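The sequence shown begins at 760 in our numbering and counts up one residue at a time. What follows is a short report on a single structure.
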Amino acid sequence: MSPQILRNVEQEITDLLRDLIRLNTTNPPGKETLAATYIANYLTKEGFKTEIIESAPERGSVITRLKGTGQKPNLLLLSHLDVVAANPNEWTVDPFDGTVKDGYVYGRGAYDMKCMTAIELLVIKLLKKNEVELKGDVVLAATADEEQGGEKGAGYLLRNHREKVWCPYVINEGGGLAFPSKKGYVFPIQTAEKGILWLRIKAKGTPGHGSKPHMVDNAVMRMNKVVDILGNYPAETMYVPTLKQFLAEMGKHDPELNEIFSRLIANPTKSEQIIDELAKKDNALAEEIRPRTKMTIAPTMIHGGIKENIIPSDCEAVFDCRILPGQDVNKTFDLIKELLKDVGLEKLRFEFIQKHDGSESSIETPLYSTITSVLREFEPNCGITPTLTTGGTDSRFFREAGSICYGYQPMIPDEPNDLLEKRMHGIDERITIENLVYGTSILYETVKRFMS
Ligand SMILES: [Zn+2]
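Laid out in structure tokens, this is it:
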């Protein structure tokens, strides 16, 4: 029997998302307990036992569990409850009203990622209601703090309540939004993400009068060298397995790309030239691929000086460094110090703002096979590819703890993908009701099949 689009969930999934958007969980401050309580009430009415765990006052995550027979490994449906800020003056609707208009649900979190929270809630509810015989537990966790690094959400849960949330398999955000190709849709499944090293560097000097610059050691000039060296660092190209699989799979759907990608894979030392060549044909794709081939360092903030005629003794800058899975964060820090040794390490101070390694999950798993077979039943001609994201998600905590994690939020683009991604942390974030129904149907079928 071919899988079904669950038309009858339309009203419920729309209401769930609208209600979640109305609970303002902008992080900071978060206040996710608002949404966690709503979810706990919803699940309790459906006969689930739930628990809200607060890492700090009002910073709640909610968990529930649907028991299986223990014949199969458990699966966690993960999502985050917090959202980034939204300025109502920039929006055409109130970002915290959950406006339903022209087939869309609007609001902060509509796409990232209250839609997925709503979908996962409905999936676990339907599994229970339909009395699906589960061979493993299905756990649901909707967590606090992802948008600020997740330490007070997923990180806290794994450190303090591991037995309640850890599962061998995790489905989370980060992938699933199909993109069009010459031969139909391609669904990216997020199997890897880059790691982060956010570094504050302070340059020291000696102060003096701006009219006599040669008498002093100018901290701004020292920082200028640091920015120049790090900002222009020609990092070595390294293809992680996910990227190679992505390029190979994408090539299958477009002969022109296949030629370029085959050369790219075969010639890592010429990656920059080949990506430049691709940029002439498809700039957006080229700039999506480029940061996936190497570590990047972006200077993002700089401060120094207090007055027009004073040469300052301090200048500080922040660097957003993203490393590939397999590139150790501490070794990267050693490399940065090595690069800066001629600037005078004794006059530089380093401070970590955030640091964690990248992570990667194999695609040689039964869950990945189930995902691909279910997607192909819904979309017979689609492509499916693992993907590495340059941004991070809570999956990193679980991958670190040994879980296989996939970013799998199945959606069909309802407008050009670049526009959609801009809305994600931008203005007029929205999702079609059609996509909510579609996502629920596919995820339900996937979980049901994987667990039974
Ligand atoms: Zn998110």
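Don't be surprised by glycine CBs; every beta carbon is placed ideally from N, CA and C. Quantities reported herein were computed from a predicted structural model and do not represent experimental measurements.
{"query": "Does the region 982–993 touch the region 1119–1138, meaning 3 or more C-beta pairs lie closer than 8 Å?", "result": "no"}
{"query": "Apart from the five residues on each side of it in sequence, which residues of its chain come closer than 7 Å, Cβ to Cβ, to Ser970?", "result": "Asn1068"}
{"query": "Which partner residues does Asp1079 have in the DSSP bridge list?", "result": "Trp957 and Ala1057"}
{"query": "Check each candidate in Ile930, Pro927, Ile948 and Val929 and name the one with the smallest Cα separation from Ala742.", "result": "Past the edges of the chain, shown from 760 to 1211, lies residue 742, and the structure says nothing about it."}
{"query": "Strictly by DSSP, which residues pair up with Ile1190?", "result": "Val864"}
{"query": "For Ala795 and Ala901, which I take to be in contact (beta-carbon distance under 8 Å), what is that distance rounded to the nearest angstrom?", "result": "7 Å"}
{"query": "Note down, one range per segment and in chain order, each beta strand (DSSP E) of at least 3 residues found wholly within the region 870–944.", "result": "897–902, 928–931 and 938–940"}
{"query": "If you follow the alpha helix (DSSP H) that Val1088 is in, where does it begin and where does it stop?", "result": "Val1088 to Leu1098"}
{"query": "Can you check DSSP and say which residues form a bridge with Asn1165?", "result": "For the sequence presented, residue 1165 should be read as Tyr rather than Asn. Ile930."}
{"query": "Using only alpha-carbon positions, find the residue among Ile1163, Gly862, Pro1000 and Ile1034 that is nearest to Leu1016.", "result": "Ile1034"}
{"query": "Using the rule of at least 16 other Cβ atoms within 10 Å of the residue's Cβ for burial, across every protein chain shown, is Asp861 buried or exposed?", "result": "exposed"}
{"query": "Give me the Cα-Cα distance between Phe1156 and Asn919, rounded to the nearest whole angstrom.", "result": "13 Å"}
{"query": "Taking Cβ to Cβ, would you say Leu1002 is nearer than 8 Å to Thr950?", "result": "no"}
{"query": "Measuring only the C-alpha atoms, how far is Lys1106 from Val986?", "result": "15 Å"}
{"query": "Enumerated in chain order, which unbroken segments of the beta strand (DSSP E) with a length of 3 residues or greater are wholly contained in the region 817–866?", "result": "819–825, 834–839 and 863–865"}
{"query": "Please report the Cβ distance between Ile955 and Gln1113, rounded to the nearest whole angstrom; I am assuming they are in contact, meaning their Cβ atoms lie under 8 Å.", "result": "6 Å"}
{"query": "To the nearest angstrom, how far is it from the Cα of Glu1119 to the Cα of Val842?", "result": "25 Å"}
{"query": "What is the DSSP secondary structure of Gly1103, reduced to helix, strand or coil?", "result": "helix"}
{"query": "Where does the unbroken beta strand (DSSP E) through Leu1006 begin, and where does it stop?", "result": "Leu1006 -> not in any beta strand (DSSP E); alpha helix (DSSP H) instead, spanning Pro1000 to Lys1011."}
{"query": "Taking C-alpha atoms, which residue in Glu1123, Gly934, Met875 and Arg1108 lies nearest to Pro1000?", "result": "Glu1123"}
{"query": "Given Gly1142, which residues of its chain have a CB within under 8 Å of its CB, disregarding the five upstream and five downstream residues?", "result": "Ser940, Lys942, Gly943, Tyr944, Val945, Phe946, Glu1008, Met1009, Lys1011 and His1012"}
{"query": "Specify whether the region 897–915 and the region 822–829 touch according to this definition: at least 3 beta carbon pairs, one from each stretch, less than 8 Å apart.", "result": "yes"}
{"query": "Going by DSSP, name the residue or residues bridged to Lys963.", "result": "Asp1073"}
{"query": "Within the present structure, is the beta-carbon of Asp871 separated from the nearest heavy atom of ligand 1 by less than 7 Å?", "result": "yes"}
{"query": "Taking the alpha carbon of Thr1148 as the reference point, which residue from Leu837, Pro1084 and Pro1014 has its own alpha carbon closest?", "result": "Pro1084"}
{"query": "Any heavy atom of ligand 1 inside 7 Å of the beta-carbon of Glu932?", "result": "yes"}
{"query": "Have a look at the DSSP bridge pairing and note the partners of Arg1108.", "result": "Lys961"}
{"query": "Do the region 802–811 and the region 865–872 meet, that is, are 3 or more Cβ pairs less than 8 Å apart?", "result": "no"}
{"query": "State buried or exposed for Glu952, treating a residue as buried only when at least 16 other CB atoms are found within 10 Å of its CB.", "result": "buried"}
{"query": "Of the residues Met1060, Asp871, Pro927 and Lys884, which one's Cα is nearest the Cα of Asp904?", "result": "Asp871"}
{"query": "Would you say the beta carbon of His839 is closer than 7 Å to some non-hydrogen atom of ligand 1?", "result": "yes"}
{"query": "For Glu1110, I'd like the list of residues in its chain whose CB is within less than 6 Å of its CB, leaving aside the five on either flank, ordered along the chain.", "result": "Arg959"}
{"query": "Cβ of Glu1180 versus every heavy atom of ligand 1: is any distance shorter than 7 Å?", "result": "no"}
{"query": "Tell me whether Ile1034 sits in a helix, a strand or coil according to DSSP, three-state version.", "result": "helix"}
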